[in-house]
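Numbering (mature numbering (1 follows the signal peptide of the UniProt record, and there is no 0)), first residue to last: -21 to -1, 1 to 328.
The following block contains the structure:
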C-alpha cells in the first residue's frame, strides 16, 4: 500500500468536517455503538482464550500425573485449541494486551535466533526449581505457546532423554501452561475493566481499525509471503512461519481470519454502511468468505506445500485472496473512513 500523502489526508479531513459539524451528536452516538459491539465481541474472544488456556493447564497436569501416549495426544490437542483461540484475538494490539508485553508472552514470534529452543535447553538443564516465579523471570521466550509447542512437538527434542514425560520437562510444561492460563484469565478480566475507557474514547475507533489492518498486513507479509519465499532471500522455508513445529501454521492463519470476521467485521461493516459504503462493505464481506473458502483444504502442514510446485499453487491462491482482502480493508476502507496507518504498524507482533 502506498502511504497517504499529507494532501490526501488533509482532503479527507476537510471532507469529513461538514458531516461531523452538521450532526456531531449522531456520529458520536453511532461510533460509541460500534465500540460497544467491538468490546462485546472481543470480550467473547478473550473469554474463549481464558477457557482454553485453563483447559490446557489442566490437561497438562493430568498428563504429567499419569503419562500415556493417549494423554500426550490429548495435551497436544488442548495446546492447539488454546493456541487457535489466541490466534482469533491476536489482531488486538492495544489496551490490556499491551501491558507487560502480554502479546509477546502469549506468542514470542518471529524467533529467527531460535531463542525458544535455547531457553528450553537452559531451563531443563538448570538445577534451580521450575516454578511460576522462575518462568515469570525467564522472559517472553519462555512464557507462551511457542515454548509449550517446543516441549510437545519438537522432533529432535522428542527423541532426546529430556523428552516428555521426563520429570523436569513435565515441570516446565506445567509452569508454562499455568502461566498461559493465568495470563489469559487476567487479560479477559482486564478487558472487562477496560470497557468504560474503550467505549468512551473516540480514538479507539481508529485504533481498532488499525489493529485489524496490522493483523492482515502481518498475515500477508510475514506469515505467508515470508515462508513462501516472496520476501527476503526469495527461498521457501517453513521455518519462517509461526507454529511450524506443530505443523499448524495454516490452521493458525485460518483462525486469525475467522477471528477478524467474528470479532472485528460485524461492527466494522456497520460503520462502513453508516458512512454510505454499502458496496465496499459487501466486497469486504465476500472477500472474507473467499479467503476462508481456501480452508479446510489448507488446514494441513505448510512444509509439503512449499516443497511441491503443484501443491504450492494452493498457497499462492490463498496469498492472492489475503492480498485482496488486505487491499480492501487497508486501502479502500481506510481511505473511505479517513483512517491513517501508523508509520510502523507492522513492526512487531
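From the three backbone atoms N, C-alpha and C, an ideal C-beta is built for every residue, glycine too.
Nonlocal neighbours in the same chain, by C-beta distance under 6 Å from residue i, ignoring five residues either side
i	result
residue 269	300
residue 23	none
Burial state of residue i, where buried means 16 or more other Cβ atoms lie within 10 Å
i	result
residue 235	buried
residue 260	buried
residue 320	buried
residue 72	buried
residue 406	No information on residue 406 is available, as it lies outside the stretch -21 to 328 that the chain covers here.
residue 92	exposed
residue 112	exposed
Three-state secondary structure (DSSP) of residue i
i	result
residue 318	coil
residue 287	coil
residue -8	Its pLDDT being 32, under 50, residue -8 is placed unreliably in this model, and the coordinates cannot settle the point.
residue 396	The structure shown does not extend to residue 396, since the chain is modelled only from -21 to 328, so the question has no answer here.
residue 210	coil
residue 249	helix
residue 217	helix
residue 300	helix
residue 277	coil
residue 267	helix
residue 308	helix
residue 109	coil
residue 27	helix
residue 90	coil
Beta-carbon gap between residue i and residue j smaller than 8 Å
i	j	result
residue 233	residue 278	yes
residue 220	residue 281	yes
residue 155	residue 192	no
residue 237	residue 271	yes
residue 173	residue 74	yes
residue 217	residue 285	yes
8 Å CB neighbourhood of residue i in its chain, flanking five on each side removed
i	result
residue 20	241, 242, 243, 245, 246
residue 298	199, 203, 204, 207, 209
Own chain partners of residue i with C-beta closer than 7 Å, once the 5 adjacent residues on each side are dropped
i	result
residue 185	318
residue 102	109, 117, 121, 151
residue 26	167
Just to confirm the assignment: which complete alpha helix (DSSP H) runs, minimum length 4, are found wholly within the segment 52 to 77? Contiguous alpha helix (DSSP H) elements confined to the segment 52 to 77 do not occur, taking only those with 4 or more residues.
Please go through the segment 177 to 204 and give each complete alpha helix (DSSP H) segment of 4 or more residues, from N-terminal end onward. Whole alpha helix (DSSP H) segments, 4+ residues: 182 to 197.
Can you list, in chain order, the stretches of the alpha helix (DSSP H) that have 4 or more residues and sit fully within the segment 117 to 188? Within the segment 117 to 188, the complete alpha helix (DSSP H) runs of at least 4 residues are 124 to 132, 134 to 137, 146 to 172, 174 to 179.
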